[in-house]
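In the numbering used here, the protein residues as written are 724 to 851.
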């Protein structure tokens, strides 16, 4: 059994796709326009390996602050970049954009990681 894909709602599909393309070198698939659900559009986003992301939008989505502590739902998605240097490089490029949530650090269980946020505030843990 494996995770096929992870779906994320977004109010700005273009910004969300650009974020994944620019910072993770993701491939953005063709837009899917639903014939059953008016205004629904999605793109599948693939990284080098692992499950795909489906970025989805629909008119009238309600913004819910995702960066608040102590909330229910998914906590974050974790992406391994392969090295400490890759984590530091991505942190350096995202910090001026205000996307850095927690600086890179070694965790008690031996991981080197930082936490960033996508344009909708969804948390992404980047690890070595």
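Every residue gets a Cβ at the ideal spot worked out from N, C-alpha and C, and that includes glycine.
Euclidean distance between Cα positions of residue i and residue j
i	j	result
residue 733	residue 806	29 Å
residue 839	residue 731	16 Å
residue 820	residue 743	14 Å
residue 801	residue 777	16 Å
residue 833	residue 850	11 Å
residue 783	residue 748	29 Å
residue 815	residue 737	23 Å
residue 761	residue 797	27 Å
residue 829	residue 771	24 Å
residue 758	residue 831	49 Å
Beta carbon of residue i nearer than 9 Å to that of residue j
i	j	result
residue 804	residue 817	no
residue 769	residue 750	yes
residue 754	residue 841	no
Cβ-based burial, residue i [other Cβ within 10 Å; buried from 16]
i	result
residue 780	buried
residue 843	buried
residue 727	exposed
residue 822	buried
Which listed residue (the options) has its alpha carbon closest to that of residue i
i	options	result
residue 765	746, 735 and 799	735
residue 752	758, 741, 761 and 746	741
residue 845	830, 824 and 835	824
residue 724	759, 756 and 773	773
residue 811	758, 786 and 848	848
Chain B contact for residue i (CB, 9 Å cutoff)
i	result
residue 758	Protein chain content of the structure displayed is limited to a single chain, and chain B is not contained in it.
CB-CB length for residue i against residue j, believed under 8 Å
i	j	result
residue 826	residue 837	6 Å
residue 767	residue 775	5 Å
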